[in-house]
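Just so you know, we're using my numbering here: the sequence shown kicks off at 573 and counts up by one.
Ideal placement from N, C-alpha and C gives every residue a C-beta, glycine not left out.
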Amino acid sequence: MENPTFTPPPKSDQQNSSKGTLYLLQVTLMVAFIVATLFTAWTPASLLPGNLNEKLTTALSFISATASPPAFTATTPPRARIGIVAGHWGNDSGAVCPDGLTEAELNLSIATIVKEKLSALDYDVDLLKEFDPKLTGYEATALVSIHADSCEYINDLATGFKVAAALANPRPDRAARLTACMRDRYEKTTGLSYHAQSVTPDMTSYHAFDEISPETTAVIIEVGFMNLDRQILTQNQDLLATGIVNGILCYIRNEDIFQQEQP
């Protein structure tokens, strides 16, 4: 008959066994600590035989020095999630210029740069289509929908940007703050003026406002007119994206909305 061979237990079992042995040792030492403490508390040192008192003192010191403190697990707060809607993307062209330039392509280009900048700052960012299925119940710290205004010539005053939140908002304080942050930072960053006269019901009743979670603060921004503001819209999109990012950061970081510009 062949001699039976011994197969060592898997490494994980050995580790568990070691951990169990260590646990029993710690319990034993703790019990010894309690008994010794009670014993020394109730027995005068002068009545202890020989050098037992000294030995107990040494043992208690050893237990105190070798006892492991409770483990502490550090936790970090969740990162802010931000939604960026590229207006008309995935649905239609939006406004169209005579030479074929479309609002949808402008919106997507600017929104993509915004996403890249926020992601570089370690935020979780979702780039969303106009009627993205993810918008249903969407939860985020903030959501910004990016659009551009008409390419038709209206008059010499048809220049600048505008920002709006939903008229009926469950958290009007948050909506007002995000709107103010976006307006202030975008204007200071881009140099474009605020065109309040052309804020329309289509903006304040924007469809996504009714689709997202009530806890998600959202605004829609028209970044400029595709006619008189065409140059900055097509040639300096990084600046426009920076203005939007600055507005979002103002809100998320709870910055002073009307902070003084640096000299």
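Here the segment 686 to 694 makes no contact with the segment 759 to 767; the two share fewer than three CB pairs at distances below 8 Å. Within the DSSP bridge table, the entry for PHE797 names ASP721 as partners. For the 7 Å CB-CB criterion, GLY815 and THR772 do not form a contact.
Classified as buried, TYR758 has 16 or more neighbouring CB atoms from the shown chains inside 10 Å of its CB. Under the three-state reduction of DSSP, ASP810 is assigned to helix. Comparing alpha-carbon positions, the option among ARG651, GLY659, ALA652 and ASN808 lying closest to ALA780 turns out to be GLY659. For LEU700, the enclosing beta strand (DSSP E) starts and ends at 696 to 700. Here LEU811 has THR761, THR762 and ILE804 as same chain residues with Cβ atoms under 8 Å from its own Cβ, once five neighbours each way along the sequence are excluded. LYS687 is classed as buried because its beta carbon has at least 16 other beta carbons within 10 Å across all chains shown.
Assignment of LEU821 by DSSP, reduced to helix, strand and coil, places it in the helix class.
Going by DSSP, ALA658 is part of the beta strand (DSSP E) stretching over 653 to 658.
Per the coordinates, the alpha-carbon of ILE654 lies some 15 Å from the alpha-carbon of ARG746.
For VAL686, the enclosing alpha helix (DSSP H) covers residues 675 to 692. In this structure, the beta-carbon distance from LEU715 to ALA790 falls below 7 Å.
Going by beta carbons, ILE718 and ILE682 fall inside the 7 Å limit. By the Cβ neighbour-count rule, ASP704 is buried, with 16 or more other Cβ atoms within 10 Å of its own.
Counting along the chain, no alpha helix (DSSP H) covers LYS706, and no H or E run does either. When the Cα atoms are used, ASN826 and LEU739 turn out to be separated by approximately 23 Å. For ASN679, the number of other beta carbons within 10 angstroms of its own is at least 16, and it is reported as buried. For ILE784, the three-state secondary structure derived from DSSP is coil.
Taking ARG651 as the centre and dropping the five residues before and after it, the same chain places the C-beta of ASP694, TYR695 and ASP696 closer than 7 Å to its C-beta, in chain order.
Annotation for ALA736: the continuous beta strand (DSSP E) segment containing it runs 734 to 736. The segment 718 to 736 makes no contact with the segment 782 to 789, as fewer than three CB pairs between them are under 8 Å. In the three-state DSSP reduction, THR789 falls in the strand class (E or B). Approximately 4 Å separates the beta-carbon atoms of MET754 and GLY819; this is inside 8 Å, confirming the contact.
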